[in-house]
Amino acid sequence: MSSYLKKHTEALVKDVGIEAACEISGKSKATLGRYYSVHAEHQDRYMPIDTVAQLEAAASFPHATAALADLRGITLSHEGRGENTTRKGVINQYVITLLAAFRDVDGGV
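With our numbering applied, the sequence shown corresponds to residues 6 to 114, in that order.
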């Protein structure tokens, strides 16, 4: 599992580009390198989740998220950049409709 996560962390950094990853995350090249290093002294060091989120926002694919999902047997659907902006309105409307239905069932409380 460790080498699998390290491999995908490296793919994330390389997808964004090491220089850009440093700028986005505020981390040095050495620190980012330690997150995906398979050497014994770094085997228990992983990229913090907030850094993963920052880098995945700039990446072409959510490498670390996909790896974590895969380890749990979860299938993700990646629709590509910009797709979520049109879906947010639809999802919000579903949430509003669902909340209204619960309110009606609960007697309007």
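Here a beta-carbon is modelled for each residue, glycine too, at the ideal position from N, C-alpha and C.
Specify, as a first and last residue, the run of the alpha helix (DSSP H) that Lys12 falls within.
As a working note, residue 12 is residue 7 in the sequence shown. Element bounds for Lys12: Ser7 to Val21.
Reduced DSSP secondary structure (H/G/I, E/B, other) of Gln48:
Here residue 48 refers to the residue found at position 43 when the sequence shown is read from its first residue. Coil, per DSSP.
Within 8 angstroms, do at least three Cβ pairs link the segment 34-45 to the segment 69-83?
no
Going by other Cβ atoms of all chains shown within 10 Å of its Cβ, with 16 needed for buried, is Leu17 buried or exposed?
The residue given as residue 17 occupies position 12 in the sequence shown. Under this definition Leu17 is a buried residue.
Does the Cβ-Cβ distance between Arg14 and Ala69 come in under 8 angstroms?
What you label residue 14 is simply residue 9 of the sequence shown in a count that begins at 1. What you label residue 69 is simply residue 64 of the sequence shown in a count that begins at 1. Residue identity check: residue 14 is Thr in the sequence provided, not Arg. A contact, by the Cβ cut-off of 8 angstroms.
Between the beta-carbon of Ile29 and the beta-carbon of Leu10, is there less than 8 angstroms?
Here residue 29 refers to the residue found at position 24 when the sequence shown is read from its first residue. Here residue 10 refers to the residue found at position 5 when the sequence shown is read from its first residue. No, the Cβ-Cβ distance between Ile29 and Leu10 is not below 8 angstroms.
CA-to-CA distance, Ser65 to Val21, given in whole angstroms
Working through the sequence shown from its first residue, we reach residue 21 at position 16. Working through the sequence shown from its first residue, we reach residue 65 at position 60. Approximately 8 angstroms, taken between the alpha carbons.
Who are the Cβ neighbours of Lys19 in its own chain at under 7 angstroms, not counting the five residues just before and after it?
Walking along the sequence shown from the start, residue 19 turns up at place 14. The answer is none, since no qualifying residue turns up.
Give me the Cβ distance between His83 and Pro67, rounded to the nearest whole Å; I'm assuming they're in contact under 8 angstroms.
Position 78 of the sequence shown, counting from 1, holds the residue named residue 83. Position 62 of the sequence shown, counting from 1, holds the residue named residue 67. With 8 angstroms as the limit, His83 and Pro67 qualify as a contact, their Cβ atoms being about 7 angstroms apart.
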